[in-house]
Amino acid sequence: MANLLSLKIGQSARVTQIRAVNHIDQRILSLGIGADVIVKVCKVAPLGDPIAVEVDGAQIVLRKSEAQGILVEPV
Amino acid sequence: MESAVSPAPKRTVRIALIGNPNTGKSTLFNNLTGLRQRTGNYPGVTVSRKAGTMKLSNSTAELIDLPGTYSLSAHSPDERVVIDVLNGRFTEIGKPDIILFVADAANLRRNLFLASQIATLKIPMVMILNQWDSVAPSGQQIDLNLLKGRLKVPVIPTIGTKNKGTLEIIEAIERLLEEPQFLPEIHWPKSMASAVDHLKASLPCVGNELLSESETHRLLFDTHSAEVSRLKVSADKARKEVKTAREFLRKDGMNPLVAEAMLHYRHIDGLIGGVVLKDAQLAHGATESIDRLLLHRGWGLAAFVGMMYVVFQAVYSWAGPVMDIIEMGKVWIQDLIGPALAGTPMLQSLILDGVIEGVGAFLVFLPQILILFAFISLLEDSGYMARAAFIMDKLFSWCGLNGKSFVPLLSSYACAIPGIMATRTIEDPKSRLATVFVAPFMSCSARLPVYILCIGAFIEPVYGPWWAGFTLFAMHFLGLAVAVPTAWVVTRFVLKTKSQPFVMELPKYRAPRMKDVLYRMWQAGWEFIQKAGTIIFLITIIIWASLYFPRSDDKAADFQASFVAEKVTEGIGNEAQVLALLEDADSELAHEFNLFLGSSQINQSYMGRIGKAIQPIFEPAGFDWRISISVLASYPAREVIISTLGIIYSLGGDVDEEDGSLRAALKNSEWQEGEKSSTPIYTVPVVIGLMVFFALCSQCGATTSIIVKEAGWKWAIISFVYMTALAWIGAVLCYQVGTNLF
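Going down the list, the sequences are from chains B and U.
With my numbering, the residue at position 23 of the first sequence is 23, and numbering never jumps.
With my numbering, the residue at position 59 of the second sequence is 134, and numbering never jumps.
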């Protein structure tokens with residue numbers, strides 16, 4: 001199954017599931033990244049990590065290790 | 076930990092300002108309170124606490140500015156501050172009567188998540204839609220009337236940076252005081268009530284209080300909740316009861332780990348359905364264009380390096396002239412007062428070398444603090460700070476720090492005081508503490524005189540300018556080389572709390588407001604004087620006393636007698652002639668005697684005696700008693716070593732690191748006795764060891780004071796002991812390896 005990291009910059013996708021990498025963090029959920037939400041990868045830091053994801057008009061920075069646990073299906 | 080915020084009198088209305096980060100909360104706080112602000116720490120944690128007084132029409136209210144957060148979840152007592160304040164868990168703060176909820180108007184849905192969590196607390200709320208002017212440019216429209224009807228509390232659109240809406244907020248507060256209004260609560264499924272009741276009944280808090288409903292939610296929904304530490308029962312028992320409570324939800328078809336966010340967002344979608352209209356065409360504006368440049372792989376990095384260079388130069392160089400003025404002012408006052416106190420030498424020394432020196436010792440840091448905080452305010456308010464952290468995170472994440480550690484650590488290369496104060500921009504308490512801990516290792520400008528003295532006297536003349544430059548670079552690099560593994564160990568093995576994931580928002584760029592920059596500078600400066608200033612002052616007085624006492628007229632007479640005897644044997648004249656020469660204050664001999672007296676006094680002072688007593692400890696590093704005393708006297712401030720060496724070598728306290736006579740005195744210094752008798756004390760291994768010692772040691776009373784303030788006594792003591800031990804080991808290694816191998 002695809003996760004956030006497999007998306008190209010500018011590509012949108014629907015979140016299907018947030019899988020615990022270490023533990024599911026409420027913080028990611030509270031930022032509005034949850035099931036059925038449309039996300040778009042919009043930036044990668046100049047050094048390759050972290051990435052910025054657009055959710056609901058806001059850009060949220062996530063480390064790749066956390067982005068990996070966010071499963072998506074491209075739309 | 077002591078707190079500066081005094082408990083509010085009973086009748087004062089308590090208002091809490093709360094919201095997500097980057098919503099312009101601080102600007103609103105400044106608008107509502109003006110200069111009537113106080114800062115401190117929350118009791119028992121390292122989170123800084125800001126409160127102020129705001130004027131209502133007939134009374135005043137206490138406004139508490141809570142740290143910006145996206146959710147009430149907490150993994151550590153530091154993060155628990157918000158929910159603790161809202162539940163009235165800090166007795167000296169008390170439960171707020173009214174909540175001012177600050178939402179970013181352009182991001183309503185996400186911002187309402189926290190508001191929806193807070194609704195459980197049943198505290199009257201004012202909903203502030205700040206940055207209202209950014210709604211239209213973001214391609215959205217908000218139907219205010221519809222929203223007001225849905226939220227059932229006063230909804231106030233504001234533009235904090237233009238001070239628009241401030242009066243409306245005050246009116247809304249007064250309306251709420253007359254008639255409380257509440258944000259509609261989420262409708263939980265029935266199983267929630269069973270789970271909450273189960274937790275309340277089975278898990279009493281310390282002091283036999285009950286958990287509030289919002290606190291049971293944290294236990295129920297968060298993994299590793301910090302609420303566990305407030306319970307009376309063991310962690311095992313808590314885990315068991317939480318598991319039982321979660322079963323109620325599971326039986327109802329809910330996954331407890333994701334249910335909360337899902338249900339809150341469903342509730343929010345119901346509240347704002349039809350309220351926010353989006354025009355997708357207009358979604359991106361200036362911010363995207365700026366980011367294309369500033370986050371670009373090449374240009375972005377160049378811009379970052381350029382900006383950080385300016386910040387560093389500003390703290391490192393621009394502060395210099397102002398620091399010189401403070402230094403000159405200090406000398407001017409000393410010269411002014413000095414003669415008036417000439418009749419009472421002890422009082423004169425106390426006032427000149429103790430009190431004025433002590434005040435000067437902390438005032439001299441102010442220029443750097445003010446300049447750094449001006450830049451921090453500009454960087455944060457403009458939205459660039461988050462980008463800087465975004466760019467730098469990769470370099471820091473592997474050793475447990477995060478991108479936000481960069482600015483504090485860079486500033487620490489100029490001075491650790493503003494650097495450690497700047498760690499407040501790091502939200503993750505664990506990364507913040509680790510950054511505070513390693514910041515003093517960065518080679519600050521006060522170490523430079525020691526390097527210049529040692530390199531100028533011993534490295535450059537022998538090995539040439541190339542090695543001199545390399546040594547200087549190596550000394551600056553050493554601190555970083557020690558800091559990185561230290562941070563790794565501290566975050567991995569010492570701080571056991573769970574790391575926060577590095578999650579933050581990239582806010583839209585906006586123009587910073589001068590007023591907020593000035594408030595920030597004022598706050599940082601005043602807080603430093605209040606908190607660290609007193610400790611620095613005390614340390615200076617203690618060190619002064621230990622260098623001054625014991626002192627008596629008898630002793631001075633003894634020193635004079637031995638000086639005269641020495642001069643007689645040198646053949647300058649008989650005793651009466653020498654004494655006559657000493658009578659003439661302008662004679663060369665009298666000057667020499669004064670320097671001799673200074674040196675003798677310091678040798679027999681408490682500090683001198685301790686220095687000699689601990690010399691065996693420094694023996695393995697090849698330090699003689701003079702170096703030992705100088706090292707000891709440099710604990711309040713490392714640059715003091717230069718003037719201490721000057722006094723000990725009878726050159727006077729006003730020598731500097733470029734001084735030829737001091738360099739010559741060190742070079743000619745030889746062991747007086749023992750197996751090394753008549754060999755030079757300052758060999759290359761000793762000199763390198765001395766520099767390494769100064770590079771690693773915690774020789775700065777001001778830094779220790781600021782660590783006490785930012786992280787508590789425990790961490791200050793650990794830092795002091797750890798740095799001193801490392802410095803000793805470093806110096807001993809240099810000496811032993813250098814002497815035995817080469």
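Glycine is no exception: its CB is placed at the ideal position from the N, C-alpha and C atoms.
- Excluding five sequence positions before and after residue 303(U), the CB atoms of its chain that fall closer than 6 angstroms to its own CB belong to 310 and 313, given in chain order.
- Relative to residue 158(U), the option among 542(U), 291(U), 457(U) and 499(U) whose CA is nearest is 291(U).
- Distance between residue 764(U) and residue 734(U), taken at the CA atoms: about 21 angstroms.
- In this structure residue 446(U) is in contact with residue 393(U), their Cβ atoms being roughly 6 angstroms apart against a cut-off of 8 angstroms.
- The straight-line gap separating the alpha-carbon atoms of residue 783(U) and residue 609(U) is approximately 12 angstroms.
- At a cut-off of 8 angstroms between beta carbons, residue 182(U) contacts chain B.
- At a C-beta separation below 9 angstroms, residue 66(B) has these neighbours in chain U: 576, 577 and 578.
- Annotation for residue 51(B): the continuous beta strand (DSSP E) segment containing it runs 51 to 55.
- At a Cβ-Cβ threshold of 8 angstroms, residue 713(U) and residue 463(U) do not count as neighbours.
- Residues of chain U with a Cβ closer than 9 angstroms to the Cβ of residue 61(B) are, in chain order, 461, 464, 465, 468, 478, 577, 578, 579, 580 and 581.
- The Cβ neighbour count for residue 216(U), taken over all protein chains shown within 10 Å, is under 16; the residue is labelled exposed.
- In this chain, residue 170(U) is not harboured by any alpha helix (DSSP H), its DSSP state being neither H nor E.
- Taking a C-beta distance under 8 angstroms as the contact criterion, residue 92(U) and residue 140(U) qualify as a contact pair.
- By the neighbour-count criterion, in which 16 or more other beta carbons inside 10 Å mark a residue as buried, residue 606(U) falls on the buried side.
- Short of 6 angstroms from the beta carbon of residue 194(U), and not among the five residues preceding or following it, lie these beta carbons of its own chain, in chain order: 258 and 260.
- At a cut-off of 8 angstroms, the C-beta of residue 336(U) has a neighbouring C-beta in chain B.
- For residue 484(U), the closest alpha carbon among the candidates 509(U), 439(U) and 502(U) is that of 509(U).
- Secondary structure at residue 186(U): helix, using DSSP grouped into helix, strand and coil.
- Residues are counted here when their Cβ sits less than 8 angstroms from a Cβ of chain U; for the stretch 31 to 48 of chain B these are 31, 32, 34, 35, 43, 45, 46, 47 and 48, given in chain order.
- Contact check for residue 34(B) and residue 18(B): beta-carbon distance about 7 angstroms, within the 8 angstroms limit, so the pair qualifies.
- Neighbours of residue 340(U) in chain B, taken as residues at a C-beta separation under 8 angstroms, are given in chain order as 32 and 34.
- Within the same chain, and ignoring the five residues on either side of residue 805(U) in sequence, the residues whose Cβ sits closer than 6 angstroms to its Cβ are 767 and 771.
- Neighbourhood of residue 27(B) in chain U, by CB distance below 8 angstroms: 145, 146, 148, 575, 576 and 578, in chain order.
- Around the Cβ of residue 286(U), a 10 Å sphere holds 16 or more other Cβ atoms; the residue is buried.
- The beta carbon of residue 698(U) sits no closer than 8 angstroms to any beta carbon of chain B.
- Three or more Cβ pairs drawn from the stretch 199 to 208 of chain U and the stretch 240 to 257 of chain U lie within less than 8 angstroms of each other, which places the two stretches in contact.
- The criterion of a C-beta distance shorter than 8 angstroms is satisfied by residue 810(U) and residue 695(U).
- Residue 397(U) places its beta carbon 8 angstroms or farther from that of residue 221(U).
- Residue range 540 to 564 is occupied by the alpha helix (DSSP H) that includes residue 550(U).
- The closest CA to that of residue 404(U), considering only 434(U), 369(U) and 99(U), is found on 434(U).
- Restricting attention to alpha helix (DSSP H) runs no shorter than 4 residues, the stretch 634 to 665 of chain U encloses them at 650 to 658, ordered along the chain.
- Under the three-state reduction of DSSP output, residue 519(U) falls in the coil class, being neither helix nor strand.
- Contact annotation: residue 11(B) and residue 581(U) have beta-carbon atoms that are not nearer than 8 angstroms.
- Annotation: residue 360(U) to residue 110(U) spans about 35 angstroms, alpha carbon to alpha carbon.
- For residue 128(U), the closest alpha carbon among the candidates 87(U), 626(U) and 638(U) is that of 87(U).
- By the Cβ criterion, the stretch 484 to 497 of chain U is not in contact with the stretch 723 to 738 of chain U, since fewer than three pairs of Cβ atoms, one from each stretch, lie closer than 8 angstroms.
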